[in-house]
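Start counting at 1 in the sequence shown, then tack on 177, and there's your number in the numbering used here.
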Amino acid sequence: MENPRKEHDTAEFSDHMIPTPGFVRLREIENGQLTRVLRGTNRTLSQLKLTSSTHLFIRILKQEEDLSASAVPLKIRRRIHGKRLYSADEEEVIFEPSEGATPNSLRQFVSGVCDIPLDRLNIAKYLRQKYDWLVISDTFSRQGEKGGKKKVNLRQSPFHLQDGDIIGVKDCGHIEGDSNKDDFSTPDDDIAKKQLQQVEEERKQRYNDFYL
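As structure tokens, this is what we get:
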């Protein structure tokens with residue numbers, strides 16, 4: 178995995194011939210993570226909502242690209258069979274559904290990328306701030322205004338799929354040592370969640386001590 182960097186020495190770029198801006202991908206860095214891809218070559222810094230404190234990551238591409246608004250760069254992490262761990266090899270992919278970002282379209286896309294049949298595939302989005310995972314399945318549905326099922330848009334609640342999201346992948350055809358196919362967490366996640374819970378309990382205690 179490439180480590181995000183706040184700055185690049187201009188000397189590094191002097192060795193590269195960049196035919197067009199399409200060979201450069203600019204991304205924001207937030208909390209040490211690569212997030213939003215800056216799209217459009219004719220937009221101003223104000224339109225892109227960039228400030229002097231914004232940190233950017235620059236990648237020179239081998240092929241020209243022009244990401245559409247519907248394209249979502251994602252990071253794929255594959256679960257190690259029988260362990261609550263992921264492979265160190267993280268793959269970056271571009272998810273660009275033609276008919277909307279739905280659970281089914283993402284599952285089909287990941288199935289093709291990872292060469293895992295749909296009936297054995299299970300995927301989840303990593304919730305960085307909560308150190309938790311949200312399973313993305315075809316059975317997830319939402320009630321419409323008239324009581325019928327409404328088409329799920331992964332860009333909206335509760336998934337809020339966006340640039341830089343991490344997608345955990347499980348091959349459920351290999352279940353040795355994995356009794357829960359919906360458990361995507363790692364031991365590090367468990368520790369971090371306990372720490373978050375402790376911080377929240379201490380915050381509530383301070384609040385009660387102050388107001389009661």
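Beta carbons are placed, not taken as given, at the ideal position from N, Cα and C, and that holds for glycine.
Query	Result
Using the Cα positions of arginine 220 and serine 245, report the straight-line distance between them to the nearest angstrom.	14 Å
According to DSSP, which residues form a beta bridge with tyrosine 263?	Arg256
Across which residues does DSSP place asparagine 299 in a beta bridge pair?	Lys347
Given serine 288, which residues of its chain have a CB within under 8 Å of its CB, disregarding the five upstream and five downstream residues?	Pro294, Leu295, Leu298
Once DSSP output is grouped into helix, strand and coil, what is the label at isoleucine 368?	helix
Please list the terminal residues of the continuous beta strand (DSSP E) segment that includes valine 201.	201 to 207
In angstroms, rounded to a whole number, what distance separates the CA positions of glycine 354 and aspartate 266?	Note that glycine 354 scores a pLDDT of 49, beneath 50, so its modelled location is shaky and nothing firm can be said.
Distance check for arginine 332 and glycine 277, CA to CA, integer angstroms please.	9 Å
In the DSSP assignment, the alpha helix (DSSP H) including phenylalanine 286 goes from what residue to what residue?	280 to 291
Please state whether the Cβ-Cβ distance between isoleucine 195 and valine 346 is less than 8 Å.	no
Please find out if some non-hydrogen atom of the ligand NAD comes closer than 7 Å to the beta-carbon of glutamate 276.	This structure simply doesn't include the ligand NAD, nor any ligand for that matter.
What would DSSP say about glutamate 378, mapped onto helix, strand or coil?	helix
With DSSP as the reference, label leucine 373 as helix, strand or coil.	helix
Is glutamate 205 buried or exposed, if buried means 16 or more other CB atoms sit within 10 Å of its CB?	buried
Taking all protein chains shown into account, decide if aspartate 342 is buried (16 or more other Cβ within 10 angstroms of its Cβ) or exposed.	buried
Is proline 280 near aspartate 315, with beta carbons less than 8 Å apart?	yes
Given a cut-off of 8 Å on the beta-carbon distance, is the pair proline 391 and threonine 212 in contact?	With the chain covering only 178 through 389, there is no way to say anything about residue 391.
Would you kindly report the start and end of the unbroken beta strand (DSSP E) that includes isoleucine 313?	309 to 313
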